[in-house]
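Here is the structure we will look at, set down as structure tokens.
Protein chains: 2
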Amino acid sequence: MIRIFKGCIIHTPTKDKFEIYENEYLVLDGNLCDRIVSQLDQDLLDLVDKGEALVMDYTDHLIIPSFIDLHLHAPQYIQMGVGLHLPLIDWLNQYTFKIEERFADVNYAKKCYPAFVKDLYDWGSLRSVIFGTIHNESNQVLVEELDKKGLSAMVGKVNMNRFTTIGLTETVNQSLDKTKGFIDYLTEKQDTKQEAIVTPRFAPSCSYDLLDGLGQIAGERAVPVQSHLCETRREMDWVKDLFKDRLNEEKTSYSDVYHMTGLMGNTPTVMAHGVYLEDRDIKLCKENQVWIAHCPTSNNNLSSGIMPLTKYLDLGLSIGLGSDIGAGHTLAMNQVMVSAIENAKMRHTLFGDRMIMESEVFYLCTKGNGSFFEAVHPEKSIGSFEKGAMFDALIVHEEHPVSGSLTPLEQLQRFLYCGEKQSIKKRFLEGLEI
Amino acid sequence: MIRIFKGCIIHTPTKDKFEIYENEYLVLDGNLCDRIVSQLDQDLLDLVDKGEALVMDYTDHLIIPSFIDLHLHAPQYIQMGVGLHLPLIDWLNQYTFKIEERFADVNYAKKCYPAFVKDLYDWGSLRSVIFGTIHNESNQVLVEELDKKGLSAMVGKVNMNRFTTIGLTETVNQSLDKTKGFIDYLTEKQDTKQEAIVTPRFAPSCSYDLLDGLGQIAGERAVPVQSHLCETRREMDWVKDLFKDRLNEEKTSYSDVYHMTGLMGNTPTVMAHGVYLEDRDIKLCKENQVWIAHCPTSNNNLSSGIMPLTKYLDLGLSIGLGSDIGAGHTLAMNQVMVSAIENAKMRHTLFGDRMIMESEVFYLCTKGNGSFFEAVHPEKSIGSFEKGAMFDALIVHEEHPVSGSLTPLEQLQRFLYCGEKQSIKKRFLEGLEI
């Protein structure tokens, strides 16, 4: 059966513009996108007549690539929106670490993760790259919940052996063994769309030998890597001080710590934030094709500063977009996109950075983030409706008082700026409705 | 019948802190707040027993003052979230003016305003200060829709006699006559909670004699005034050029134009934005107790800059908060509050302004905005639950995976940062559920 989706198809094969097809037809080949046509030709009409092709009619609805969230902390769903008046260290101690400790109890995870996964699903983030906690049993609950909802994610068992609470502090060996255990669990698990990602919390939380051990695991098991990088200047100074024996005149940067330990680009790597990348960071991130997950809502809430998005894009860095809950206060990637646009506009006004285009930010959330999944699965094409791409899609309809008065692009803008969960009518991942 | 509301009562009689009463009792006297008590005393229990008092049990729900929106454009609901990638002038010409012209047709208003008013209601903004269009018939539709939903607003017939489209350009006499007509309509209308406000769009849209005529009407009819002030530097330069014959060494500012024409403080006055108030503006605004409606979402979308909120607060200016749709992209005042907090944090990080407190922003949206209504109706107290205040309230409940784990303040934070319309369970205006 050939499926043909009719509607207002919008995607961004390139950053510089939206490709828009008003009430045209997206023809699938199995679960992959094949072509977009303005009219059904006689061959397709014949197949429809014979019942061998089916037109899914979403006239006047948007058909857009589903959203991807490149950085978020699942346990922090509990604290989302809470305590953001606190300075970072107080926020971590009063909320984040206390809550993460509770995930030692698998029953706590069973209470929390269904709601988290439902919210992720409701907001249309069908793929994501997630920090769990240090606890494998609870991380497994997260995997099971993602499977139940049909979502696809990379899930990381978090590693820390210092500068956190006693309850969250592992030894190097514990941390490495449990990381291997979680990779084994996911490698062996049948019928799952989730996969493992090596997840040192950030350089300060890990001793050099823990980082080094994690780099070895990532390389040996060919597992991708996620962590944090250059979120604040204070953190950068701290890293340079903590690892001063490893840094030298040539290796001067925060990134070097990850790079020396095999955690930067040996396997596909995503680093959250990068608000203050130095020249050396930029060089290493480019050379090693590291993805930077821009998390504007988080940066705003934690007063981290404004990432120079257009500058990084023009330097050719691989940028993606993340909600970073609980420092970010919403899983809604449409709202995160708006926040990215607002922050880039603010840099334009305050510092003269070039203006952002909306298509660039949409690209980041779809094809940009998708390219990280492609790096892990080179056989897949993810985040657009180009020929051969996975049909990952949202069917969207925004109510408007004067129906029919908005162009497809205006409908998309309305959805990005004003969309609620209820605006998303259907969700498809790899061709299947979920 | 005495009504007693039980729940987690939070309000801000002063800016500096939240007053929080966890599952206590707010006792009404008619439609006014009387007192908050931790326990029902024997007298109240007896009244309950006799059926002369009724406890409305919202245990574990928040009871907070309903939101007030101090600046928004009703017709722009049509364009909310749309075209915000455009520079201001293009945005005005391609969207705002074209759409406002359509309100010459009262049937267009009948299509649009019910949806707008429903959204305002859904998000809990039970009072607001609204720009309509130049068209009295359509403005009357707006009034009727507000009445139907039980909301209370000040509604302005917009005045313009230059620098807009031909369709929206009135002569001075037309503009003044229609303004009087709209005031008459609202003065004579029975059973309405809406009232008129004199509404020159902004100084550049009005010749000096139109402004002067509007100032006279406002004074003679004792009607409040709303307009725009110092939103961008370019606009300020334009005003100073347009009115250079009226300005001099003493009267140097944008504010002077309004002040000279009786539009600044003769009657209660609210000015939107004030991003770039100069010393002279600040002096005039303070001397004339002008409210500045801070509209952070709008400022961000239009790249207007970041208003120095804490600086203005510390200077003793009267500040309120507005959604400013359609330059703002949401009517949700909880989201506007978050935007105000984020912008103030950004100024803290970038320019060293002092940090904002969440209670200050909550105060702005409730008691701060309410004080403008009080200025128009000195017999009323609006925006808190202090003794004698109107019981304007929202009953709010946020779902949370671990119910009972959040303190009342944390529940409020969760609602501000993550709340959806569905979080608001009940709405009360002047004591009555609407």
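Here the protein sequences line up with chains A and B, keeping their order.
Note that our numbering has the first sequence beginning at 1, numbered continuously upward.
Note that our numbering has the second sequence beginning at 1001, numbered continuously upward.
For glycine and all other residues, C-beta sits at the position ideal for the given N, C-alpha and C.
Can you tell which of A:K283, A:H228 and A:P308 has the C-alpha that lies nearest to the C-alpha of T252 (chain A)? Residue A:K283 is the option with its Cα nearest to T252 (chain A).
Taking L1414 (chain B) as the query, report the chain A residues whose CB atoms sit under 8 angstroms from its CB, ordered along the chain. What sits at residue 1414 (chain B) in the sequence shown is Arg, not Leu. Here the neighbours are M80, G81 and V82.
Going by DSSP in three states, F458 (chain A) sits in which element: helix, strand or coil? A query on residue 458 (chain A) cannot be resolved here, the shown segment of chain A reaching from 1 to 434 and no further.
Using a C-beta cutoff of 7 angstroms, does E1137 (chain B) count as contacting chain A? Taking Cβ atoms only, chain A never reaches closer than 7 angstroms to E1137 (chain B), which makes this a no.
Could you tell me the boundaries of the beta strand (DSSP E) in which R3 (chain A) lies? Looking at the DSSP string, the run of the beta strand (DSSP E) that includes R3 (chain A) is I2 to H11.
Just the chain A side, please: which residues come within less than 7 angstroms of A1115 (chain B) by C-beta, in chain order? Here the neighbours are P401.
Who pairs with C1295 (chain B) in a beta bridge, going by DSSP? C1295 (chain B) is bridged by DSSP to nothing; it lacks a bridge partner.
From the beta carbon of E1360 (chain B), is the nearest beta carbon of chain A less than 7 angstroms away? Not flagged as an interface residue toward chain A: E1360 (chain B), since no C-beta distance is shorter than 7 angstroms.
Going by DSSP, what residues sit across from Q42 (chain A) in a beta bridge? Bridge partners of Q42 (chain A) according to DSSP: none are assigned.
Could you give the uninterrupted runs of the alpha helix (DSSP H) lying entirely in the stretch 1030–1089 of chain B, keeping only those of 4 residues or more? For the stretch 1030–1089 of chain B, whole alpha helix (DSSP H) runs of length 4 or above, ordered along the chain, are 1042–1049.
Below 7 angstroms on C-beta distance, what does S1303 (chain B) contact in chain A? The contacting residues are K345, H348 and T349.
Show which residues of chain B have a CB atom less than 8 angstroms away from the CB atom of L406 (chain A). In chain order, V1082 make up the part of chain B whose C-beta sits under 8 angstroms from the C-beta of L406 (chain A).
Would you say K1111 (chain B) lies against chain A (beta-carbon separation less than 7 angstroms)? Answer yes: the Cβ-Cβ gap between K1111 (chain B) and chain A drops below 7 angstroms somewhere.
Check the C-beta distance from N1301 (chain B) over to A1340 (chain B) and give it rounded, since I have them as a contact under 8 angstroms. Rounded, the Cβ-Cβ distance is 14 angstroms, inconsistent with contact.
Assigned secondary structure, Y363 (chain A) (DSSP; H/G/I helix, E/B strand, else coil): Helix at Y363 (chain A).
Can you tell me where the beta strand (DSSP E) with K1421 (chain B) in it begins and where it stops? That residue, K1421 (chain B), is in no beta strand (DSSP E); it is neither H nor E in DSSP.
Spell out whether any CB of chain A is found under 7 angstroms from the CB atom of C1418 (chain B). By this cut-off, C1418 (chain B) is an interface position.
Backbone CA spacing between T261 (chain A) and F243 (chain A) [nearest angstrom]: Separation of T261 (chain A) and F243 (chain A) (C-alpha to C-alpha, rounded to the nearest whole angstrom) is 12 angstroms.
Which residue or residues does DSSP assign as beta-bridge partners of H1273 (chain B)? Under the DSSP definition of a beta bridge, H1273 (chain B) partners with B:L1229.
Please report the distance separating the alpha-carbon of Y108 (chain A) from that of G132 (chain A). The straight-line gap from Cα to Cα measures roughly 13 angstroms.
Chain B within 7 angstroms of E410 (chain A), Cβ atoms only: For E410 (chain A), the answer is yes, since a Cβ of chain B falls inside 7 angstroms of its Cβ.
In angstroms with no decimal places, state the Cα-to-Cα distance between S1359 (chain B) and Y276 (chain A). Going by the C-alpha atoms only, they are around 31 angstroms apart.
Label K367 (chain A) either buried or exposed according to how many other C-beta atoms from any shown protein chain fall within 10 Å of its C-beta, with 16 as the threshold for buried. Result: buried.
Interface flag, E235 (chain A) vs chain B, CB-CB below 7 angstroms: No, E235 (chain A) lies away from the interface with chain B (no Cβ there is under 7 angstroms from its Cβ).
From this set, A:K111, A:L331 and A:K118, which residue's C-alpha is nearest E138 (chain A)'s C-alpha? Position check: residue 138 (chain A) holds Ser in this sequence, whereas Glu was assumed. Restricting attention to A:K111, A:L331 and A:K118, the CA atom closest to the CA of S138 (chain A) is found in A:K111.
7 angstroms is my cut-off, CB to CB: does I329 (chain A) come that close to chain B? Note that residue 329 (chain A) is His in the sequence shown here, rather than Ile. Yes, its Cβ sits closer than 7 angstroms to a Cβ of chain B.
Name the residue from B:Y1058, B:F1362 and B:M1357 whose alpha carbon lies nearest to the alpha carbon of V1336 (chain B). Nearest option by C-alpha distance: B:F1362.
Check the DSSP bridge columns for G328 (chain A) and list the partner residues they point to. Within the DSSP secondary-structure output, G328 (chain A) pairs in a beta bridge with A:I325.
Contact with chain B by E342 (chain A), beta-carbon distance below 7 angstroms: E342 (chain A) has a beta carbon lying within less than 7 angstroms of a beta carbon in chain B.
Just list the residues that DSSP pairs S1152 (chain B) with in beta bridges. Looking at the DSSP assignment, S1152 (chain B) forms a beta bridge with B:R1127.
Of all Cβ atoms in chain A, is any one closer than 7 angstroms to the Cβ of H1011 (chain B)? Judged by the 7 angstroms Cβ criterion, H1011 (chain B) is not in contact with chain A.
Tell me where the beta strand (DSSP E) around N1395 (chain B) begins and ends. The amino acid occupying residue 1395 (chain B) in the given sequence is Ile; Asn does not appear at that position. First-last of the beta strand (DSSP E) with I1395 (chain B): A1393 to V1396.
Compare the C-alpha of S1207 (chain B) against each of B:G1167, B:V1172, B:K1345 and B:A1196 and name the closest. Of the candidates B:G1167, B:V1172, B:K1345 and B:A1196, the residue whose Cα lies closest to the Cα of S1207 (chain B) is B:V1172.
Consider the Cβ of H397 (chain A): report whether some Cβ of chain B lies at a distance smaller than 7 angstroms. Answer no: the Cβ-Cβ gap between H397 (chain A) and chain B never drops below 7 angstroms.
How would you call L168 (chain A), buried or exposed, if buried means at least 16 neighbouring beta carbons within 10 angstroms? That one is buried.
Look at the alpha carbon of V376 (chain A) and the alpha carbon of A196 (chain A), and state the distance between them as a whole number of angstroms. Using only the alpha carbons, I get a separation of about 11 angstroms.
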